[in-house]
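Protein chains in written order, with our numbering: chain A, 252 to 392; chain B, 252 to 392.
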DNA sequence: CCCTTACCGATAAAAGTTCTCAATAGCATG
DNA sequence: CATGCTATTGAGAACTTTTATCGGTAAGGG
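Next comes the structure, spelled out in C-alpha cells:
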C-alpha cells in the first residue's frame, strides 16, 4: 500500500515512520483540503501521542518531496491537497470548504507565456461561490 | 481627489481620517501588492505616529467596503491590491513579488457554472513562474 | 544486534493578525 | 463657531498559525 509514496520517501533519504504515514493518510482521508490543525485532529485518535509540530514537519516534508500540494484561499491558512493531478478548486466563501474541480487547461499557460514572454511553471485557478449546502441556508446572495 | 473613495466611505458611515486615506494611498502607491507590514512601512514616513493596528484595521475596512482586494499567494501572507478592475496575477516564486496580468475572462465562470450548476461569484487565476529579474540571477529552473 | 542519525514530543519562540481600552478627533447639529 | 455623539486612534496585550530548539527515540543499514 502506498508504494509510490514509500519509494519516493526512501529515494529522498526520508524515513518511513508511523507519524509520517498517518499525516499523509490524514490529508488523503479528508477530501476537504484540511489545514494542519485539521490533519492533527484527524490523526490524533489513531496516534494519541502525536505532536502538532510533527504534523507541521511532515506536511512540510511531504510537500517538499512533491507528495502533497499546498493551497492558499483564506487569509493566513494553508490547506493541503493530496490530489496531485492537475485540477482547479472551488472555494465556498461561506463555509470556507474547498473542493476539487476536475478540469484543467495547459493551454492557458501557453497563451499567457506567448503573450508576455515570461517563464511559466504553473497556474492556479480558484472559483469562489456558495456551495449547495450554504446556498440552502442563506439564499440571500 | 479620490471622490469615489470618499463618497463610498461616507455612504457606509465611515469617517474620512488621515490614517485611512494614507493606508489607501500606501496600497495604491506600491504596485507590488503589498502586505500589511509593507503598507505600514510605506505610510510611516508621512505619518510617523501611525500604529500597525490602524493599518490592519483600515485594510480590513477598505476591503469590506470593496475599495481594496485581498490576494493569497504565499503561505500565511495576505496581500492587498488597489486595482479593482478584473485581472489576473503573476507570482514570481523566487522574489515572491506579485504583478498584474491585464487579461480576464468572464467566460470561464459561465462555462464552469453551466457545467456544475454551482453559484459562482468570482474566480482568481494566478500564474507562477520566474520574473525576468530572477531568471537572470538563477537560470537553473 | 549495533550504530548512526533522521525523527519524535514538548515547549518556546516567531510571525502575522486581531482585540481591548482610554483618549482623540470627525462631523452632524444647533 | 461651540457642543455632543461616537467612530477611530495608538499602544500594547492577546490570539492564531507556523517554525525552531533540544534531549530522547527509533528507523534502517551494516
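The beta carbon of each residue, even a glycine, is placed where N, CA and C say it ideally should be.
Predicted, not measured: the structure shown is a model, and the values here were computed from it.
N- and C-terminal bounds of the beta strand (DSSP E) containing residue i
i                      : result
residue 321 of chain B : 320–322
residue 384 of chain B : Not the beta strand (DSSP E): residue 384 of chain B falls in the alpha helix (DSSP H), residues 383–388.
Where the alpha helix (DSSP H) containing residue i begins and where it ends
i                      : result
residue 311 of chain A : 303–315
residue 343 of chain A : Unbroken run through residue 343 of chain A is the beta strand (DSSP E), 339–343; no alpha helix (DSSP H).
residue 359 of chain B : 357–367
Collapsed DSSP secondary structure at residue i in the structure displayed
i                      : result
residue 280 of chain A : helix
residue 330 of chain A : strand
residue 347 of chain B : coil
residue 335 of chain A : coil
residue 256 of chain A : helix
residue 288 of chain B : helix
residue 267 of chain B : coil
residue 392 of chain A : A caution first: residue 392 of chain A carries a pLDDT of 45, below 50, which makes its placement in the model too unreliable to give a value.
Neighbour list for residue i in chain A, Cβ cutoff strictly below 8 Å
i                      : result
residue 360 of chain B : 378
residue 374 of chain B : 376, 377, 378 and 379
residue 291 of chain B : Neighbours of residue 291 of chain B on chain A: none; closest Cβ ~17 Å, over 8 Å.
residue 344 of chain B : 372
Interface partners of residue i on chain A, CB under 9 Å
i                      : result
residue 321 of chain B : 326
Residue i: contacting residues in chain B (beta-carbon distance under 9 Å)
i                      : result
residue 386 of chain A : 369 and 370
residue 198 of chain A : Residue 198 of chain A lies beyond the range of chain A shown here (252 to 392); nothing can be said about it.
Cβ-Cβ distance between residue i and residue j below 8 Å
i                      : j                      : result
residue 278 of chain B : residue 319 of chain B : yes
residue 301 of chain B : residue 259 of chain B : no
residue 338 of chain A : residue 349 of chain A : no
residue 342 of chain A : residue 324 of chain A : yes
residue 309 of chain B : residue 274 of chain B : yes
Beta-carbon neighbours of residue i, restricted to chain B and to distances below 8 Å
i                      : result
residue 329 of chain A : 326 and 327
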